[in-house]
Amino acid sequence: MSHQKIIVGYDGSAPARTAAAWALDHAARTASPVEFLYAFEEPLWMPAASMVPAPAVRPPADLEQSIAAMLDQVVSAARRTHPGVDSRATTVRAYAGLTLIDRSADAGLIVIGCRGHSAVAELLGSVSAAVSAHARCPVVVVRGDAASGAPVVAGIDGSETSAEVLTFAAEQAAARAVPLRVIGAFAPVTAIGETGPAIARSVNAEERKPFDDLVGELRSAQPGIDITADAVIRHPAAALTEASATAQLLVVGSRGRGVVRGLLLGSVSQHLLRHSACTVAVIH
């Protein structure tokens, strides 16, 4: 496993505290340092008139003191609960999403809560969506409260990220001493313009071979992990959302073999970040 820095997007919210706990547990298993990153998303200037920029506006001193106290508290708690983890905090004056994306180039993992302080509480936080789409390292969005013995689930589709997804998922399963379930979801057959139910079918041997080959390679490389493999006829988003109900971690690629490759984040990943019952890792 990587010993590179784990960066936690931290704003003191309940989801951020949950993300911090997940990151510290992961850091303890991998001997990785942790950085709690807080971003002042204050405007760089405030218009005095419609087209005239005014001087930079700094946060009030009492707000800065509150944030410093919050970060001191999370670092102190981390050093108390996870004394073997090198933990520290950083404050930046920039937008959180852009900063995390930029920092991801030198990080081993970005960990964020499923939503932070947002005016639209029912939507996936904009930071989570942006970072999951554009980071240059794996991103973990912490959700739910799964049992510690629950399996890790990996969703693969034969795209170029499938091997990386399996490697990350296997490392997580091995570190937790839990089973790994690999799911390959094959779309139902429906004729062009068909509006009725999809035509029932099964996965033939030729279609399943790339999936079986990847799983076979994983079993050879990781003989100590209990690995099960399921090839199902179902939309990947539906199959993986259902699997998340009994998993502790769901691992997927950032983009699959979609029709529209220009999407900011693959539709399956995007769906899971909103609807998964457990924590989601998006692999780039």
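Just so you know, we're using the numbering used here here: the sequence shown kicks off at 4 and counts up by one.
The beta carbon of each residue, even a glycine, is placed where N, CA and C say it ideally should be.
Bridge partners for residue i per DSSP, in chain order?
i	result
F189	I236
I230	L183
S145	The identity of residue 145 in the sequence shown is Val, whereas the question assumes Ser. In DSSP, V145 forms a bridge with G116.
V130	Answer is none; V130 lacks a bridge partner.
G12	L40
According to DSSP, simplified to helix, strand and coil, what is residue i?
i	result
T164	coil
G100	helix
S205	coil
G219	helix
W25	helix
A135	A small fix is needed here, since residue 135 is Ser in this sequence, not Ala. Correct three-state label for S135: helix.
Q225	coil
A19	helix
T244	helix
S107	helix
T249	coil
Q175	helix
A34	coil
What first and last residue would you give for the alpha helix (DSSP H) that runs through residue i?
i	result
A157	Element bounds for A157: not the alpha helix (DSSP H) but the beta strand (DSSP E), 155-159.
T84	64-84
Q273	270-278
Kindly indicate the opening and closing residues of the beta strand (DSSP E) around residue i.
i	result
F39	37-42
T94	90-95
A284	282-286
G256	252-256
Whole-angstrom Cβ separation of residue i and residue j, contact assumed at under 8 Å?
i	j	result
Y41	T84	With a Cβ gap of about 20 Å, Y41 and T84 do not count as contacting.
A173	P182	Wrong, their Cβ atoms sit about 11 Å apart, outside the cutoff.
F171	P141	6 Å
T164	I286	6 Å
V145	W25	5 Å
R82	S107	Rounded, the Cβ-Cβ distance is 25 Å, inconsistent with contact.
I230	V185	7 Å
F214	A234	6 Å
I11	A22	The sequence shown places Val at residue 11, not Ile. Their Cβ separation, rounded to whole angstroms, is 6 Å, which keeps V11 and A22 in contact under 8 Å.
F43	R96	5 Å
Could you tell me whether any non-hydrogen atom of the ligand MG is closer than 7 Å to the CB of residue i?
i	result
S205	The ligand MG is absent from the structure shown, which contains no ligand whatsoever.
Touch check for the region 106-120 and the region 205-216: three-plus C-beta pairs under 8 Å?
no
So, do the region 65-75 and the region 24-37 have three or more beta carbon pairs nearer to each other than 8 Å?
no
Would you check if there are 3 or more beta carbon pairs closer than 8 Å linking the region 95-102 to the region 130-148?
yes
Below 8 Å, can you find three or more Cβ-Cβ pairs linking the region 269-277 to the region 219-235?
no
Does the region 142-155 come into contact with the region 250-257, if we say contact requires no fewer than three beta-carbon pairs (one atom in each stretch) closer than 8 Å?
yes
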